[in-house]
Structure formats: C-alpha cells, structure tokens
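Chains as they are written, first to last, in my numbering: chain A, 6 to 174; chain B, 926 to 1082.
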C-alpha cells in the first residue's frame, strides 16, 4: 500500500506537471486545480497498491479530468454559453521568459499545439512537459507503445509544418 | 529544425502555474470523528415535529412523576413514602366530594354500606414504573365507583 509520505513526495514533485496535463485536457485552470486536488484527496483516503505510482496518478488525473470535462460540456450544452479556453502556457509575465523566445513565437507554438488532435496533444504534453517516458505515456493512455510513438512523431511533423521549419527524419 | 530543437522550443515556453493548489499535502488526514462534529450533527438532524413533542411530553411526565412525591394527584390518589423507603400510592379523598374528613369518626356512605374498599397501597418500586397507567386506571375506577355509591346512597335516603 502506498504510504502518505510517498504520496506527499510525489505531489511535491509532480504537482505542476499534473496540473499542466489536467489543464491541457480541461482548458480551465480552476477545474484543473480541482481535479489534481481531488485525485490526491482520494488517494489519501484509498491509496491502493499500484505498481508504478507516478503512472497511476497520471492515469487517475486523466480519468478524473475526462469525467469533469464531460460534466462541463453537458452544462455548456444546457446553457449554450461559449466556453473560454485557458492555455497551458503562461503569457501574463508571471513566469520567466527565455531570452531567445519571443512572445509572438510562443503564441505560434500554442496555436500549432491547439491544431493537433486531442490524442496527439496528450502525447506531446505527457512526453515533453510531463517528462514521462514513452512506456509510461503508453501506460497512462492504455495504448500500445508503438501507437504512442507514432502519434508523437505525427504530432511533431504537424508542429514543424505549422511553425514553418523542416523536421529532419 | 530537428526533433530535438522542436522539443527544446516547446520546453522553453513557460507553463502556467497552479495558484490554488497547496504546496504540499496536509500532514495529517482529517479526523473521521470529533465530539463537536457529532453534537452538531445531532442538533442538525431533522426530527419530525410529533417525535419532538412526544419526547418533551415524556420528559415532562417523567420529571413530574419523580418530583410528585408526597403530593396529591388528581383523582384523589395520595403518594407517600413508607418507612422502608418504598413509594406508596393509594386512593384518597379528592377534596371535591362532600364528606367527613379523616379521623372525624363519621363513616362515609360506602363504609356504612360495605362499599368498595380503596385500592391497596403498594410500593411503586415493587410494581415498577410501567405499572403506573394501570394504577391510574384502578384509581379512576375506584373514584367513579365511589361517586356512584354516594349518589345511590343519597337516593336511598
């Protein structure tokens, strides 16, 4: 059984990455925060005995985020109000910017990522921003490893095209 | 732009940080049970009005019963404590019917005619609290019988 201490360490280490992943699915900062908190609260009550805790927590966040998104979409359909989308990137100047990257270029990247399919975007976020291995990504998504790798390659090709550069094979 | 450059480009963009998430998990899990919480739960418990009224009536009746030692209840019954400490409940004059007072030497109509005798006194501790309704029933019957005997006695006279 997972100890509370292990959970605490994992939370401190992965909190921001899990939030980014949840935000990429939900596109709503407050909902994403709620999902991460909710998952850890549940894990504190019922820790379970996962083989790989990190992958397990990512999968929990994914499942919970998909549920919440489904509920939110039902409400949006009922109210017919257009939903606002939060980006996973920070453009409000609260985070430090790399000197080589302009905000305009960052906006282009964001738009390019938005054009990816949901499955491709998920792989990119988990692999690039979540810093998971392909094996872990496959485990979180419950997809074959080859499928995950090919999705990632396809996503990079699309991004390269959108950003106007050639991608070497 | 190769794969590595593209990944570096993606990683170079600052990510949004959570603002409402705590920095660490709480050290202690919230207690599942607390006395104030239990009291509050009981106070907030939705109780039917009739049950609340019934509970109050029962409480008042029980309280009145235990405080009534030595007083004369309605119907003429007298509650007294015997030497051995047992509470005795026996029929007595209600104060409403005309008749001689105790110890005056004048016999009442039912005494002269051999009418019903008062209910025998018995300790409540021997019979038990749950026998009280039965006792009241007996006392009421005795009172009714006494009134009837008096009326019959007057008619005969």
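Even glycine gets a Cβ: it sits at the ideal position worked out from N, Cα and C.
Keep in mind it's a predicted model, so treat the numbers as computed, not measured.
### Task
Please classify residue 8 of chain A: is it buried, with 16 or more other beta-carbons within 10 angstroms of its beta-carbon, or exposed?
Along the first chain, one-based indexing puts residue 8 of chain A at 3. It counts as exposed.
### Query
How many angstroms separate the CA atom of residue 998 of chain B from the CA atom of residue 964 of chain B?
In the second chain, residue 998 of chain B corresponds to position 73, counting from 1. In the second chain, residue 964 of chain B corresponds to position 39, counting from 1. For residue 998 of chain B, the predicted structure reports a pLDDT of 49, less than 50, and the residue's modelled location is therefore unreliable. A value from the coordinates is still provided. Near 38 angstroms, if we compare the C-alpha coordinates of residue 964 of chain B and residue 998 of chain B.
### Query
Does the beta carbon of residue 135 of chain A come closer than 7 angstroms to any beta carbon on chain B?
Residue 135 of chain A sits at position 130 when you count from the first residue of the first chain. Not closer than 7 angstroms to any Cβ of chain B, the Cβ of residue 135 of chain A fails to qualify, so no.
### Task
Examine the Cβ distances between the segment 27-39 of chain A and the segment 936-947 of chain B and report whether three or more of them are shorter than 8 angstroms.
They touch, by the three-pair rule.
### Task
Return helix, strand or coil for residue 137 of chain A, following the three-state DSSP convention.
Your numbering for residue 137 of chain A matches position 132 in the first chain. The answer is coil: DSSP assigns residue 137 of chain A none of H, G, I, E or B.
### Message
I need the straight-line Cα distance from residue 162 of chain A to residue 92 of chain A, nearest angstrom please.
### Response
Stepping through the first chain from its first residue, residue 162 of chain A is reached at position 157. Stepping through the first chain from its first residue, residue 92 of chain A is reached at position 87. Residue 162 of chain A and residue 92 of chain A have their C-alpha atoms spaced approximately 22 angstroms apart.
### Query
Got a sec: does the ligand FMN put a non-hydrogen atom nearer than 6 angstroms to the Cβ of residue 9 of chain A?
No copy of the ligand FMN appears in this structure; indeed no ligand is present at all.
### Query
Looking at the C-beta of residue 998 of chain B, does it have a partner C-beta in chain A at a distance below 7 angstroms?
Residue mapping note: residue 998 of chain B aligns to position 73 of the second chain, counting from 1. Model confidence at residue 998 of chain B stands at a pLDDT of 49, short of 50, so the residue's coordinates are unreliable; what they give is reported in the following sentence. Residue-level contact check: residue 998 of chain B does not touch chain A, since none of the beta carbons of chain A fall below 7 angstroms from its beta carbon.
### Query
Considering only residues of the same chain and omitting the five flanking positions on each side of residue 74 of chain A, which have a CB-CB separation below 7 angstroms?
Along the first chain, one-based indexing puts residue 74 of chain A at 69. Answer for residue 74 of chain A: 30, 31, listed in chain order.
### Query
What are the partner residues of residue 94 of chain A, as DSSP defines its beta bridges?
Walking along the first chain from the start, residue 94 of chain A turns up at place 89. When DSSP reads this structure, residue 94 of chain A sits in a beta bridge with B:940.
### Message
Using the three-state DSSP reduction, which class does residue 946 of chain B fall into: helix, strand or coil?
### Response
Walking along the second chain from the start, residue 946 of chain B turns up at place 21. Looking at residue 946 of chain B - three-state DSSP - the assignment turns out to be coil, as it is neither helix nor strand.
### DSSP state of residue 14 of chain A mapped onto helix, strand, coil
For the purposes of this step, residue 14 of chain A is identified with residue 9 of the first chain, where counting begins at 1. Looking at residue 14 of chain A - three-state DSSP - the assignment turns out to be helix.
#### Entry: is_contact[residue 107 of chain A, chain B] using C-beta, thresh 7 angstroms
On the first chain, residue 107 of chain A is found 102 positions in, with the first residue counted as 1. For residue 107 of chain A, the answer is no, since every Cβ of chain B falls outside 7 angstroms of its Cβ.
### Query
Is the shortest distance between the beta-carbon of residue 940 of chain B and the beta-carbons of chain A less than 7 angstroms?
Counting from one through the second chain, the residue named residue 940 of chain B turns up at place 15. So yes, residue 940 of chain B belongs to the interface.
### Proximal chain B residues relative to residue 25 of chain A, where beta-carbon distance stays under 8 angstroms
Counted from its first residue, the first chain places residue 25 of chain A at position 20. Among the residues of chain B, those whose CB is under 8 angstroms from the CB of residue 25 of chain A are 940, 941, following chain order.
### Task
Note down, in chain order, all residues in the segment 6-35 of chain A with a beta-carbon under 8 angstroms from any beta-carbon belonging to chain B.
Cβ contacts with chain B come from 9, 12, 13, 16, 17, 20, 21, 24, 25, 28, 34, 35.
### Task
Anything in chain B within Cβ reach of residue 124 of chain A, meaning under 8 angstroms, just list it in chain order.
The residue labelled residue 124 of chain A in the question sits at position 119 within the first chain. Within 8 angstroms of the CB of residue 124 of chain A, no CB atom of chain B is found; the nearest one sits about 17 angstroms away.
#### Entry: Within-7 angstroms CB hit, residue 949 of chain B to chain A
By one-based count along the second chain, residue 949 of chain B stands at place 24. Interface with chain A (7 angstroms Cβ-Cβ cutoff): residue 949 of chain B is included.
### Task
Could you check which residue in A:63, A:56, A:159, A:139 has the C-alpha nearest to that of residue 40 of chain A?
In the first chain, residue 40 of chain A corresponds to position 35, counting from 1. Per the Cα distances, A:63.
### Query
What residues in its chain sit with their C-beta under 6 angstroms from that of residue 38 of chain A, if we drop five residues either side in the sequence?
On the first chain, residue 38 of chain A is found 33 positions in, with the first residue counted as 1. Result list for residue 38 of chain A: empty, nothing under 6 angstroms.
### Query
Taking C-beta to C-beta, are residue 160 of chain A and residue 121 of chain A nearer than 7 angstroms?
Here residue 160 of chain A refers to the residue found at position 155 of the first chain. Here residue 121 of chain A refers to the residue found at position 116 of the first chain. In contact: residue 160 of chain A and residue 121 of chain A (Cβ atoms closer than 7 angstroms).
#### Entry: Secondary structure of residue 51 of chain A, DSSP reduced to three states
For the purposes of this step, residue 51 of chain A is taken as the residue at position 46 of the first chain. Of the three classes helix, strand and coil, the one that applies to residue 51 of chain A here is coil, per DSSP.
### Query
Looking only at its own chain, which residues have a Cβ that is under 8 angstroms from the Cβ of residue 1073 of chain B, when we skip the five neighbours before and after it?
Start at 1 with the first residue of the second chain, and residue 1073 of chain B comes out as number 148. There are no such residues.
### Query
Looking at C-beta atoms only, is the number of pairs between the segment 15-25 of chain A and the segment 127-136 of chain A that lie closer than 8 angstroms three or more?
Short answer: they touch.
### Task
Tell me, please, whether the CB atom of residue 1059 of chain B is closer than 7 angstroms to any CB atom in chain A?
Numbered from its first residue, the second chain carries residue 1059 of chain B at position 134. Taking CB atoms only, residue 1059 of chain B has no neighbour in chain A less than 7 angstroms away.
### Task
Identify whether residue 989 of chain B lies in helix, strand or coil by the three-state DSSP scheme.
If you number the second chain from 1, residue 989 of chain B lands on position 64. Three-state DSSP puts residue 989 of chain B in a helix.
### Three-state secondary structure (DSSP) of residue 929 of chain B
On the second chain, residue 929 of chain B is found 4 positions in, with the first residue counted as 1. DSSP, reduced to helix, strand and coil, places residue 929 of chain B within a helical segment of the structure shown.
### Message
Only counting the same chain, and skipping five residues up and downstream in sequence, which positions put a Cβ closer than 8 angstroms to that of residue 167 of chain A?
### Response
For this step, residue 167 of chain A is matched to residue 162 along the first chain. Excluding positions up to five away in sequence, the list reads 113, 116, 117, 120.
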